[in-house]
Every structure is written in structure tokens, then in C-alpha cells.
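Everything below concerns the one structure shown next.
See below:
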């Protein structure tokens, strides 16, 4: 089931955020993610966040800022089970266009978004990490 984030969900969602970033973005210092943990928790409570819940346990979420996808995160044990696609389709039904940034070294995420109809618009640099990234765009047909 997909639903809006509740305040009581924030710790679980933030833990998924941290664990996923530490594993997926191995090319960025662990300290970067850990130092942003509290700020991210605070921002989540003020953002448009949808969670995927199964058996009363949150297994993934998507964060939005208008048409910008802040991220799609799925718990480690449930990755590659279709949860990311379900979350993405859920927000595609709500928006006419979506945009996101993805690190160039995150080939798995780039492939996922391209499979889901996103197109690389341009290359850039994430100033906070010094990592190269792509801006990707999806538009409703």
C-alpha cells in the first residue's frame, strides 16, 4: 500500500534513507550522509513524501518537491522487488512531468530511470559532494 508519510514514520524512513545512501553511494564519504541525517529527518516532515508499506512495515519511499524527485529509496532487503517502480508510477499519476538528479557513478539508478522513460537532459556537478551528476526528465505522453 502506498500512502502519505505520517510523523510516526520519520525514523523508519530516515533509516532507509541513510542505509541506502551508504550502500549505493559508496563513492561519497559515509560522514557526508551521517552528517545530513538530522537535517533530512527535519525536511521530510515538511515535504511531500509517499511511503510503500507492506505488512505494517515501511519498505520504501519517494520524496518530492513539486515536480522534482528528491529520491526513491527502498529497504535493502526489498530492493529489486518492484517497489521503486510502484512508487514512481504512483507519482507519475499525480504529475505531468518529473525531474531528478542522479550521480553518474550510480549506473543502476540511471538504468532504472531510463527504463521508466526518463531522458538525460544535461550533465552537472553536485557541489556538496564534488560528484558528477545527470539531470533527468520524464514527461507525460
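Residue numbers (this note's numbering): 1465 to 1605.
Glycine included, every Cβ here is placed at the ideal spot set by N, Cα and C.
Limits of the unbroken alpha helix (DSSP H) element including residue i
{"i": "residue 1465", "result": "Looking at the DSSP string, residue 1465 is not in any alpha helix (DSSP H), and its letter there is neither H nor E."}
{"i": "residue 1501", "result": "1494-1508"}
{"i": "residue 1479", "result": "1474-1488"}
Whether residue i touches residue j by CB criterion (8 Å)
{"i": "residue 1533", "j": "residue 1564", "result": "yes"}
{"i": "residue 1486", "j": "residue 1494", "result": "yes"}
{"i": "residue 1509", "j": "residue 1523", "result": "no"}
{"i": "residue 1481", "j": "residue 1537", "result": "yes"}
{"i": "residue 1477", "j": "residue 1525", "result": "yes"}
{"i": "residue 1555", "j": "residue 1528", "result": "yes"}
{"i": "residue 1609", "j": "residue 1513", "result": "Any answer about residue 1609 is impossible in this case: the structure gives the chain only from 1465 up to 1605."}
{"i": "residue 1578", "j": "residue 1599", "result": "no"}
{"i": "residue 1597", "j": "residue 1566", "result": "yes"}
{"i": "residue 1580", "j": "residue 1549", "result": "yes"}
Beta-ladder partner(s) of residue i, from DSSP
{"i": "residue 1543", "result": "The partner list for residue 1543 (beta bridge, DSSP) is empty, contrary to what the question assumes."}
{"i": "residue 1598", "result": "1566, 1587"}
{"i": "residue 1526", "result": "1514, 1536"}
{"i": "residue 1561", "result": "1603"}
Run of the beta strand (DSSP E) containing residue i, from where it starts to where it stops
{"i": "residue 1578", "result": "Note, residue 1578: premise wrong, no beta strand (DSSP E); alpha helix (DSSP H) at 1571-1579."}
{"i": "residue 1512", "result": "1512-1518"}
Taking three-plus beta-carbon pairs below 8 Å as touching, is the segment 1489-1505 in contact with the segment 1584-1602? yes
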